[in-house]
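Chemist: Numbering (the working numbering), first residue to last: 427 to 722. Don't be surprised by glycine CBs; every beta carbon is placed ideally from N, CA and C. As the structure is a prediction and not an experimental result, all values here were calculated from the model. Mind having a look at this structure? Questions to follow.
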């Protein structure tokens, strides 16, 4: 059970690696409109399950703090993420946003019963170095043309890491509630779209497919898989595995022609990923030691 749940959780990481690609390919749709459509699509599998098993509706009755945490996490993260990719190069915005695994490791070290050690600080500094390498396109000069996008990406990283740390307290909450998070986020995004944006629809079938892909995978199934994985699988292994997301995301963007490979991208990728791995070295060491112990 635990092994299978961990694999399910890892599938969420693979789906999130497609987020930047699908967003970059989805055309010029405004962030709130895109968020509303994608989360509506993402809520459909859960709605179908609830329709087939009405007795599961009672699982949606949760304390207000659970709903607030889930909706703020999902709505805030994706609005910021879509805004970042609309206002900065996809690779750079994606790499900054994917600082969230590092922030989770550092944040976890500050929780009760944990300690902040030197390698947590070193890992954070390495991640910061990678971020500087990304945004300093002209030496150490900050490119003001992408200020909004870079800022949104950084807030995005803090939003998701904060959401992940807070939801660790809700391990007894059923995964069914993710359906409610998605549906509520869709409604909020739609209301914000009506008040703040002009409607722009995808212009080609390819862009529509990208929007559908967003809703079905990284903005849909991934949340159900991640929720189930962290509650029933090996959360430490999933945390370490999530550091592969920025590397995979960047390679996918380059593979599909949305970015060109460069030493800057490679160096930033190594610093961000290496920093996160360093910060998690105690997790890796514990897992390795356990694996090497003979069975009794």
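Within the same chain, show all residues whose beta-carbon is closer than 6 Å to that of residue 460, passing over the 5 residues directly before and after it, in chain order.
Modeler: Counting only residues of its own chain and dropping the five nearest sequence neighbours on each side, residue 460 has a CB closer than 6 Å to the CB of 508.
Chemist: Report the rounded CA-to-CA distance for residue 671 versus residue 582, giving the unit in angstroms.
Modeler: 15 Å
Chemist: Alpha carbon to alpha carbon, how far is residue 683 from residue 707? Give it in angstroms, no decimals.
Modeler: 34 Å
Chemist: With DSSP collapsed to three states, give me the class of residue 675.
Modeler: helix
Chemist: Where does the unbroken alpha helix (DSSP H) through residue 653 begin, and where does it stop?
Modeler: 648 to 658
Chemist: Along the chain, which unbroken stretches of the alpha helix (DSSP H) at least 4 residues long are found entirely within the segment 432 to 472?
Modeler: 445 to 451
Chemist: Tell me, to the nearest whole angstrom, how far the beta carbon of residue 444 is from that of residue 522; I am working on the premise that it is less than 8 Å.
Modeler: 18 Å between Cβ atoms; not a contact.
Chemist: Along the chain, where does the alpha helix (DSSP H) containing residue 512 start, and where does it finish?
Modeler: That run of the alpha helix (DSSP H) goes 490 to 513.
Chemist: Output needed for residue 673: all residues of its chain with C-beta closer than 7 Å, excluding positions within five of it in sequence on either side, in chain order.
Modeler: Spatial neighbours of residue 673 in its own chain (CB-CB distance under 7 Å, excluding positions within 5 residues in sequence) are listed in chain order as 695 and 699.
Chemist: Could you give the distance in angstroms between the alpha-carbon of residue 586 and the alpha-carbon of residue 635?
Modeler: Between residue 586 and residue 635, the C-alpha separation is close to 26 Å.
Chemist: In chain order, which continuous runs of the beta strand (DSSP E) of length 3 or greater are located wholly inside the segment 568 to 614?
Modeler: You should have found no qualifying run.
Chemist: Going by Cα to Cα distance, which pick from 478, 435, 428 and 484 is closest to residue 603?
Modeler: 484
Chemist: Assign residue 533 to one of two classes, buried (16 or more other C-beta atoms within 10 Å of its C-beta) or exposed (fewer than that).
Modeler: buried
Chemist: Taking the alpha-carbon positions, what's the residue 550 to residue 544 distance?
Modeler: 10 Å
Chemist: Given that a residue counts as buried once 16 or more other Cβ atoms are within 10 Å of its Cβ, and exposed if not, what is residue 597?
Modeler: exposed
Chemist: Could you say which of 687, 655, 668 and 658 lies nearest to residue 525 if we only look at CA atoms?
Modeler: 668
Chemist: What separation, rounded to the nearest whole angstrom, lies between the Cα atoms of residue 652 and residue 455?
Modeler: Going by C-alpha positions, residue 652 is about 27 Å away from residue 455.
Chemist: Can you tell me whether residue 579 sits near the ligand ADP, meaning its C-beta is under 6 Å from at least one heavy atom of the ligand?
Modeler: Among the ligands in the structure shown, none appear at all, so the ligand ADP cannot be discussed.
Chemist: Taking C-beta to C-beta, are residue 500 and residue 654 nearer than 7 Å?
Modeler: no
Chemist: Ignore the nearest five residues each way along the sequence and tell me which others in residue 645's own chain have a CB closer than 7 Å to its CB.
Modeler: 464, 465, 468 and 504
Chemist: Under the three-state reduction of DSSP, which class applies to residue 628: helix, strand or coil?
Modeler: coil
Chemist: Taking only three categories from DSSP, how would you classify residue 428?
Modeler: helix
Chemist: Between which two residues does the alpha helix (DSSP H) harbouring residue 527 extend?
Modeler: 526 to 535
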